[in-house]
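Protein sequence lines correspond, in order, to chains A and B. What the first sequence shows, in our numbering, is residues 620 to 739, in sequence order. What the second sequence shows, in our numbering, is residues 127 to 256, in sequence order. Note that beta-carbon positions come from the ideal geometry of N, C-alpha and C, so glycine has one too. Here the structure is laid out as structure tokens; the discussion comes afterwards.
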Amino acid sequence: MAERYSSFERSTLAWFLQRVTAGFLVVVLAFHFFLLHFLNHPSEITFVGSSARMDQWGYLVTMVLFLATATFHGVNGVYNALVNQGLDGTQKQVVKWVLVVAGLALVVQGVRVALAFTGV
Amino acid sequence: MSQSYDRGLIEDFGRWREFTAGMWAWIFHKFTGWVLIGYLFTHIAVLSTATGGASLYTNTLQGLEALLVVRILEVGLLAVAVFHILNGVRLLFVDLGIGLESQDKSFYVSLVLTGAIVVASVPTFLQGAF
Chain A
620 MAERYSSFER STLAWFLQRV TAGFLVVVLA FHFFLLHFLN HPSEITFVGS
670 SARMDQWGYL VTMVLFLATA TFHGVNGVYN ALVNQGLDGT QKQVVKWVLV
720 VAGLALVVQG VRVALAFTGV
Chain B
127 MSQSYDRGLI EDFGRWREFT AGMWAWIFHK FTGWVLIGYL FTHIAVLSTA
177 TGGASLYTNT LQGLEALLVV RILEVGLLAV AVFHILNGVR LLFVDLGIGL
227 ESQDKSFYVS LVLTGAIVVA SVPTFLQGAF
């Protein structure tokens, strides 16, 4: 059987979620780029246009899920990269909690922005 | 049954001349990942102008898009995102045990496809920038 080269610890929830979010993000990131760079051009973006998209519940929920999964995937990826570099002990704990707080703050702010478009 | 592979601390970039395709794929995936998470924080910061009113948001976004350097950076962002997506799909398949023997070839395919998609997208991204 082939050797496994992944740097992740297997059989952990974070390892599993990193892959589940990856599968989701492959689709939604491609959709996001296509919608906002090819179907709609960034130079033509207006608050009214963004609000019209965010007023659709399916789009709003997709974007909030996009933000949450991208934040987890990115922050967990940064944490794993730093652990690969040899981060350990107290530094590892400090970095972990800084990333958790930064990630949560990003999601909260992103949801505030999304709701600003809906007028809630 | 899978075996664990103790590669040690391979992040010794001083021996980059010895790196194989798989190692370059790993480095590019990490690099593009760092860029994307950095961009995500910046993206939300810019979009946060929406909380300050409709005109602030519209003027900020359209003002940024009027800058050629922003358009060029967006092409770079596309390159980073497309490679991360394609190499990510490659990694998911490898994690499922599919295509491990040809993982070097699939890395080259990811690179070529990224280049082709980015070059084909340049006219759209720079439309109206000049």
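Report back the beta-carbon spacing between residue i and residue j to the nearest angstrom; my notes put them in contact at under 8 Å.
i	j	result
B/E188	A/S669	With the sequence shown as reference, residue 188 of chain B is identified as Gln, and Glu is not the correct amino acid for it. At roughly 12 Å, the Cβ-Cβ gap does not stay under 8 Å, so B/Q188 and A/S669 are not in contact.
A/V697	A/L706	Actually they are not in contact, since the Cβ atoms of A/V697 and A/L706 sit about 11 Å apart, beyond 8 Å.
B/T177	A/R672	Not a contact, Cβ separation roughly 17 Å.
A/T640	A/F691	6 Å
In angstroms with no decimal places, state the Cα-to-Cα distance between residue i and residue j.
i	j	result
A/M620	B/E227	Its pLDDT being 44, under 50, A/M620 is placed unreliably by the model, and the measurement read from it follows with that caveat. About 11 Å.
B/F167	A/G677	24 Å
B/A180	A/V739	14 Å
A/W634	B/T184	39 Å
B/M127	B/Q229	With a pLDDT of only 45 at B/M127, under the threshold of 50, the placement of this residue in the model should not be trusted; the figure read from the coordinates follows. So the alpha carbons of these two residues sit roughly 20 Å apart.
B/A255	B/I170	24 Å
A/L655	A/T709	42 Å
B/L239	A/Q728	35 Å
A/R638	A/Q675	28 Å
A/V683	A/V726	8 Å
B/L190	B/V244	21 Å
B/L218	A/A700	18 Å
B/V201	B/R143	29 Å
A/A724	A/A687	11 Å
A/H651	A/A721	23 Å
A/W716	B/L194	38 Å
A/F666	A/N659	13 Å
B/S174	B/L199	20 Å
A/Q712	B/P249	46 Å
Check the Cβ of residue i against every Cβ in chain B and list those closer than 9 Å, keeping chain order.
i	result
A/A689	L162, I163 and L166
A/F653	Those within 9 Å of A/F653 in chain B number zero; the least Cβ separation is about 10 Å.
A/V697	G159, W160 and I163
With C-beta atoms as the reference, is residue i less than 9 Å away from residue j?
i	j	result
B/G148	B/F233	yes
A/L679	A/A735	no
B/S247	B/A151	no
A/T681	A/V647	yes
A/V694	A/V719	yes
B/V172	B/T186	yes
Residue i versus chain B: which residues are under 8 Å apart at the beta carbon?
i	result
A/R672	Under the 8 Å cutoff, chain B gives no residues; its nearest Cβ is about 12 Å from A/R672.
A/G693	G159, L162, I163 and L166
Below 7 Å on C-beta distance, what does residue i contact in chain B?
i	result
A/T665	T184
A/S710	Note that residue 710 of chain A is Gln in the sequence shown here, rather than Ser. The premise fails here: A/Q710 is roughly 16 Å from chain B at the closest Cβ pair, so nothing lies under 7 Å.
A/L648	A207 and I211
A/A641	G214 and L218
By the criterion of Cβ-Cβ separation under 7 Å, what are the contact partners of residue i in chain A?
i	result
B/K156	A700
B/T177	R731, V732 and A735
B/I170	L725, Q728, G729 and V732
List, in chain order, every chain A residue whose beta-carbon is nearer than 9 Å to that of residue i.
i	result
B/A180	T665, F666, V667 and S670
B/L194	Those do not exist, as B/L194 stays about 12 Å from chain A at its closest Cβ, beyond 9 Å.
B/F256	Near B/F256 there are no residues of chain A at all, since even the closest Cβ is about 12 Å away, more than 9 Å.
B/I250	Going by the sequence as given, residue 250 of chain B is Thr instead of Ile. Within chain A, the residues near B/T250 are H656, F657 and H660.
B/L187	P661, S662, I664, T665, F666 and S669
Whose Cβ in chain A lies nearer than 8 Å to the Cβ of residue i?
i	result
B/S174	Q728, R731 and V732
Tell me whether the segment 202 to 210 of chain B and the segment 144 to 163 of chain B touch, counting them as touching only if at least three CB pairs, one residue from each stretch, are closer than 8 Å. Contact between the segment 202 to 210 of chain B and the segment 144 to 163 of chain B is present, with at least three C-beta pairs closer than 8 Å.
Does the contact criterion of 3 or more C-beta pairs under 8 Å hold for the segment 210 to 222 of chain B versus the segment 149 to 158 of chain B? Enough Cβ pairs lie closer than 8 Å, so yes.
I'd like to know if the segment 216 to 225 of chain B and the segment 244 to 254 of chain B are in contact, where contact means that at least 3 CB-CB pairs between them fall below 8 Å. Verdict: no, contact absent.
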